[in-house]
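Structure first, commentary second.
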Amino acid sequence: MLPANKPPATAGGSPTPPVKGQQSLSLELPVVKTAPATIASGATPVTRLWLCIHLPALPLEALHRDSGDIARAVFDDQDGIPKVLLASDAAIAAGIRPGFSVNAALALLPALELEQRDSQCERRTLLSLAGWAEQFTSFVVIEVPDILLLELAGSVRLFDGLQKLRQAVSRGLGEQGFSASLAIAPTPLAATWLTKAGRRICIQDAANLTSALSALPLTCLDWPLPVCESLYGMGISRVGDCLRLPRQGFAKRFGVSRLLQLDRALGRLPDPRDSYRTPEYFVADHELDEELSNSDLILNVCQLLLQKLEHFLLTRQLAVQRIQFSFFHLQHPATSLPLGCVQADRAVDHWLDLLRIHFERLPLPAAAIAIRLRADQGQPMSAATDVLQFTKKDRQRRNLSIAHLIERLGARIGIESVHGVSTVAEHRPHYAWRPELMLDRLPQCEALSADFAKVRRPLWLLSKAQPLAVRDGKPFYQGVLVLEDGPERLETGWWDEDGIARDYFVAANPKGARFWIYRNRSKDRDWYLHGMFG
Amino acid sequence: MAGFAELHALSNFTFLRGASHPEELVETAAKLGYEALAITDECSLSGIVRAHVTAKDCGLKKLIIGSEFRLDSGLKLVALAQSRAGYAALCGVITRGRRAAEKGSYKLTADDFADGLPGCLLLWIPGRQLTLLPEDVWILERFHKRLWIAVELLADGLQRQRLERLRVLGDTLELPLVASGDVHMHCRERRAIQDTVTAIREGVTLDQAGFALYPNGERYLRSLATLQTVYAADLLHESRAIASRIDFSLDEIRYEYPHELVPDGETPTSYLRYLTEIGMRRRWPEGVSEKVLALVEHELKLIRELEYEFFFLTVHDIVAFARSQHILCQGRGSAANSAVCFCLGITEVDPARMATLVERFISKERNEPPDIDVDFEHERREEVIQYIYKKYGRERAALAATVVTYRPRSALRDVGKALSLSGLQIDKLARSMQWWDGKEVDDSRVIEAGLDPQSPVIRRLLYLVRQLMGFPRHLSQHVGGFVISNGPLSDLVPVENATMKDRTVIQWEKNDLQDLGLLKVDVLGLGMLTAIRRSFDLIKDFDGRDFTLASVPAEDPQTYDMICDGDTMGVFQIESRAQMAMLPRLKPRCYYDLVIEVAIIRPGPIQGDMVHPYLRRRNGEEAVVYPSEEIREVLQRTLGVPIFQEQVMQIAVVAAGFTPGEADQLRRAMAAWKRRGGLEPFEEKLISGMRERGYDESFAKQIFKQILGFGEYGFPESHSASFALLVYVSCWLKCHTPAAFTCALLNSQPMGFYSASQLTQDLRRHGVEVRAATVNHSSWDSSLEKSDNNQAVLRLGLRQIKGLSENAGRRIADERLAGPFRSIQQLLERSGINRREMNALAAAGALKTIAGHRHKARWAVAGVEEPTPLFTSMDSVEVTPMLRRPTEGQNIVADYKSLDLTLERHPLALLREYLDGYGYVQAADLKKIPTGRHVHVAGLVITKQRPGTASGVTFVTLEDESGFINLIVWKKTADEQRDALLNARLMGVDGELQIEGKVVHVIARKLHDHSALLGELQVRQRNFR
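Below, the structure is given as structure tokens:
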């Protein structure tokens, strides 16, 4: 998702707006030019200017922004066969071409670094670029998978002319390591098509659209292959050829929607678009009238903030799992207090409980002058946290209370110190269980017992087996050990660096204590104590 | 010391459970001194014949045949065949279980054991819980007095408790206990492999496999001393007692031919003679020569002595069916080229043509089972198969199995996954190891794949891959090997489902059948037979001449002239580039020359370095000498150079003192050595045997090298002789009826080396007119038309058009009988084809006569409305736009796209002016340039071939408007210019011209990728290995 602290539009980073209106300088590229041809109704035409950013290498650049010298390629499954989608310059120079099967590419260049395409990552990158582009205009359109459209008409003056604005965008993209092609046109479709055709031009006058678009090949239209093939078959390979066809006949063969698309591109029809908006997350500040160091008063303010959060979440049917309080001080850096709970929640009381426990132990270096609460992006409210839950099954109630117990325990001794135990299907005793962080997963109590039943295992397993003394050829531990059951031979784990080959026995000493001991099957044949039976 | 019989052992034919070959288990059991070993693969007898053969070789006291079953209730049993009847019952229950489930699995319920498996002894393998369901008890009661409880103590820590409970259980149920080992491997070192195949089976990594793995490696063949520490003496003793009650060996299997082939009142011998005599009169209507009569008498005597009558009768019956259906067929194999087979119609090779051949193929001394494969037209083989199923019933006829084994690549893939390597890492490794023979792995290859050869993971990986290679992976069906028996096959061998619906396979493969003396008939499909039959049909329709394989004029000099020119595109076998290059040097002038030609350009003779000596001797550049008189006998017909598999075997007999039986073993070992090795003892014996008999050491070594070369690709003379007939017939057809032959080839595609484009270009270069496919002239198939001066002209069929279904194509042709189509709308209404197919026709230019040029046709077709039930005709009037006429270039591109060929000029003709600027020479002009010169050539890349035998050389064929250019790209050049080699569709080459007689090559130095000049032209390329 978007980086949380997006700079406000006026903050540093964006070019400073011109101090005085230098109208004369923009004569070369006048922004608003009345285009008589489009004035049909006599109403004031709203001339828009669309800058299209096409990122043809996004699948590669979303993963690596430094691919120039490294032979790298992104692949994707096409009809079940992994095929190269995009290759870096170095890879192209080595003969790799998009469309190669991964095997063919590796045959050509065994050192090729190959990665699976990550559409999610591309989306994230595109989103963050959209956020970045908001510094140039308030109207940014995202066209998945690889296009951004910026409506610039209103920004031209701010940036001292269209040319400079375009340069600023281009430079910014370059600095971030994206290879992009840009074009400007009065309609979004025209800008898109021009960009896709690699025409880095700037058309401001709608009257010039027809001639500019006519020269474009059909490939830049993103029409489905069968449609294009059909058109090629009639000797039609450019947009201009299409425009010469009879409208009726064209619509009959290729669909009305494509005809309308052409009209929209030429500006004959409106083409409304939705602007992208930065996703919402909750941040609320409370400035204190005076410096506060009284816990109760501070907590009261926090409660106010939590109520705001609850309201925010309620209206959006959301809940959050992690929140963070920041306490600002006059002379010190802010103190932050992150809180997390097992299940996403929005209830004020719940969060307040947690806050109280933590706040008690939080050393504030100085009095607070302001408090900020921010929350993660919300997630859909899950039914399980609903209060009505208590009328349902007992087990769920118990789990819920276990969850709260864990939170409280964690709040006191640190959540990292609270563990559960789960079994692992594994013959090696020391791998047959694992601790589990409780915040991530509620313990599955019923799962614990089942797998242990098959074999005899002591409940107390030493974390490290302890060598045993041998007397008269017999293992010795608080007395001579008598082997009762066994051997249970365990030979496994050869595939990692921790293979074992042991004969385990249940053994008793003269005092009647029972032990789990083993003898190595390797050369030394040594005896070890590994566990104790209750 | 008390002995022991292991009664529960799985081999790796229990796929992905067992971790040892059956041979290894048997050998180890023999070595350990076991009283007996039972191979009890899970619901399978696939590995049993190998075990049987090995048991005889290594002297295992007793091999018991059994199988493990897990019923759907969870009950686990092992059944052991006590007698022949028990064996049949065992095969029966396996067949039932396998047939009831999908391929690769089985399903058995209590009902399947209702008959109690008479003649079998059973072990119950209790699970951990020791509980029995009522239906389990019901089953166990069926086995009264024949059932034991298996006590399998495998060091799981609870063995004492388990034994106690089993004793109690035994007392309660009144069942005796017996020791057994749940053996999965022959030695405990296979533990890693056993774990690995378990992970592969479960589809998880070893890390994730958890309790699916066994906790230890106790499931191996333990020594008697170890067993005595684990089991009480009575349990061990009981195993011997059970073994001693078993008295059955696979040697008792008697195979019987289907009896219905012999009419009442006839004996097999008399009936075969009767059929042969009828055939003789058919073959030689004007009378049989003394020589042939004597030959037939001689063969019939031999057949009677070897009791092969039924085999010949079976094949005759199948071939007679095919002939009755006008399906062309041709037999090959050791027995196929006999006078009797010629009389019976099994082969069309006249023994007169092969004067000396027959005696060599059926030999009493060698005691080989007769071997006849019959090739049928590939498109009609299914009819023959269905006939066999119908005649003998599914329970009496089934296909032989093929055991698919792990190869380096598949082993690497599966082991890599188990060891948690990423798919990409595995791909890289597999890629860099495609050459790997499984013995040595070069570290640099591992490094090239981006992995560290010293890392433990890689070392483990390579170790495991080496072990796993050759392990059976699953059963597949043999291409066409049928086993037909007199009684139900499932009394003989279990039968299971094949992947193909309605196909069943037996659990044994070809070698197993041979080992047990079971006979199979190979029913194979051959594309060239289809093409030849079509040629015959076309000629008959065209000018009434009626040919058969046997009646095509023999030894025609014109045909041999054509062959000597290497002008053999499209014919059988000798059409590859290597063959074409060899023909002008070998200059075949008679039938037997063709037999040699077919066999010589193969990996075997090439690897054995036999080709050039033969060429030199044939051209008189080298004296033909024989090390001895015996060798002269064997090698005279091939000028002292061993070319055929049979010759190598015969040399082993006459020069190294092998018995015919040993020679046969050698032949089998040859086929398997790549997989398992095992030729060393033969090498020793062969070389020392020849040295003792005074032969040169180097000659002996050369013979052995040849044997290795034959290993995987050995080509016997008996097959070559039959193939040569098809070579000759196809060449004769190409020479004398080129239009019909090409037409037949086009209608039989895909087959052979060459595309439709090359075949039609070749035909046009031979002066035959080829006409375009159009809806108003073409049928579905390509056809022959008559030109004004009565010459045959090829009319392309609608089948050539991409995107047109056969159904639609045939409807168009049928509908045209009522008169030509006048408009698109009419075509649509009359033929009822859909818009997509109309579009395909328009794209192919097949509507030219009714809708004008392609662009117009496409526009018109895109606008037609498909008729609806209410409004059949919707001839709406609309504006037709001005559409540009396609240029020649556009037409060529469109032709290739939709027909894979063009009848316009060759694309390079359009580019010639431009290519001239580069100084590129045309293919046809190369012959005029002196050899050794530096030349520039350019052409469309039509084939790339990198044969395994040519040490990294890539053979590229370019095509321009005047013909072909054969490139040789050395490995170094290829490595340095991989980009151009891989990606160029239009390739320019600077290189050195090499002319040797009529053979022209260009040794490539510098490759240029001119593909951009082609624009969108896509030419189909074929790449071979």
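Just so you know, the sequences run in chain order A and B.
Here the first sequence is numbered in my numbering, starting from 4 and rising by one per residue.
Here the second sequence is numbered in my numbering, starting from 648 and rising by one per residue.
All C-beta atoms, glycine included, are put in the ideal place defined by N, C-alpha and C.
For residue 1050/B, no Cβ of chain A is located within less than 8 Å of the residue's own Cβ.
The C-beta distance from residue 867/B to residue 833/B rounds to 7 Å, short enough to meet the 8 Å contact threshold.
Listed in chain order, the positions of the segment 847-875 of chain B with a beta carbon within less than 9 Å of a beta carbon of chain A are 852, 853, 854, 855, 856, 857, 858, 859, 860, 861, 862, 863, 864 and 865. For residue 226/A, not one C-beta of chain B is nearer than 8 Å to its own C-beta. A Cβ of chain A is located within less than 8 Å of the beta carbon of residue 1103/B.
For residue 1486/B, the uninterrupted alpha helix (DSSP H) segment begins and ends at 1482-1490. CA-CA distance, residue 285/A to residue 355/A, rounds to 17 Å. Within chain A, the C-beta atoms nearer than 7 Å to that of residue 1501/B come from 236, in chain order. Remark: fewer than three beta-carbon pairs, one from each stretch, lie closer than 8 Å, so the segment 708-717 of chain B and the segment 1107-1124 of chain B are not flagged as touching. Any Cβ of chain A closer than 8 Å to the Cβ of residue 1490/B would place that residue at the interface, and such an atom is present. Rounded to whole angstroms, the gap between the alpha carbons of residue 657/B and residue 829/B is 7 Å. In this structure, residue 1423/B and residue 1496/B form a Cβ contact; the two beta carbons are roughly 5 Å apart against a cut-off of 8 Å. Per DSSP, residue 945/B is not a residue of any beta strand (DSSP E); the alpha helix (DSSP H) it occupies stretches across 937-953. Considered as a whole, the segment 145-216 of chain A harbours 165-178 and 191-199 as its complete alpha helix (DSSP H) runs of no fewer than 4 residues, in chain order. Linking residue 1141/B to residue 690/B through their CA atoms gives a straight-line distance of about 9 Å. Of all residues in the segment 503-537 of chain A, those with a C-beta nearer than 7 Å to a C-beta of chain B are 507, reading in chain order. By the neighbour-count criterion, in which 16 or more other beta carbons inside 10 Å mark a residue as buried, residue 850/B falls on the exposed side.
The C-alpha of residue 1036/B lies about 15 Å from the C-alpha of residue 1171/B. If you draw a straight line from the Cα of residue 668/B to the Cα of residue 651/B, it comes to about 21 Å. Residue 229/A and residue 1425/B have their C-alpha atoms spaced approximately 26 Å apart. In this structure residue 924/B does not touch residue 987/B by the C-beta definition: roughly 11 Å separates them, more than the 8 Å allowed.
Around the C-beta of residue 1099/B, fewer than 16 other C-beta atoms lie within 10 Å, and the residue is accordingly described as exposed. Separation of residue 1292/B and residue 1315/B (C-alpha to C-alpha, rounded to the nearest whole angstrom) is 11 Å. Along the segment 1197-1245 of chain B, the beta strand (DSSP E) does not occur as any fully enclosed run of 3 or more residues.
Beta bridge pairing from DSSP links residue 287/A with 376/A.
In the three-state reduction of the DSSP assignment, residue 831/B falls in the coil class. For residue 233/A, the nearest CB of chain B lies under 8 Å from its own CB, placing it at the interface with that chain. For the segment 1045-1072 of chain B, the beta-carbon criterion of a distance under 9 Å to any beta-carbon of chain A is satisfied by 1065, 1066, 1067, 1070 and 1071. With a threshold of 8 Å between beta carbons, residue 113/A makes contact with chain B. Of the residues 1635/B, 1642/B and 1659/B, the one whose Cα lies closest to the Cα of residue 1652/B is 1635/B. In terms of Cβ geometry, residue 1434/B and residue 1393/B do not form a close pair [threshold 8 Å]. Counting other Cβ atoms within 10 Å of its Cβ, residue 1402/B reaches 16 or more and is therefore classed as buried. Straight-line spacing of the CA atoms in residue 1105/B and residue 1041/B works out to 49 Å. Straight across, the Cα-Cα distance linking residue 1587/B with residue 237/A is about 26 Å.
Within the segment 486-500 of chain A, the residues whose Cβ lies closer than 8 Å to some Cβ of chain B are 488, 489, 490, 491, 492, 493, 494, 495, 497, 498, 499 and 500, listed in chain order. Between residue 54/A and residue 172/A, the C-beta gap is smaller than 8 Å, which places the two residues in contact.
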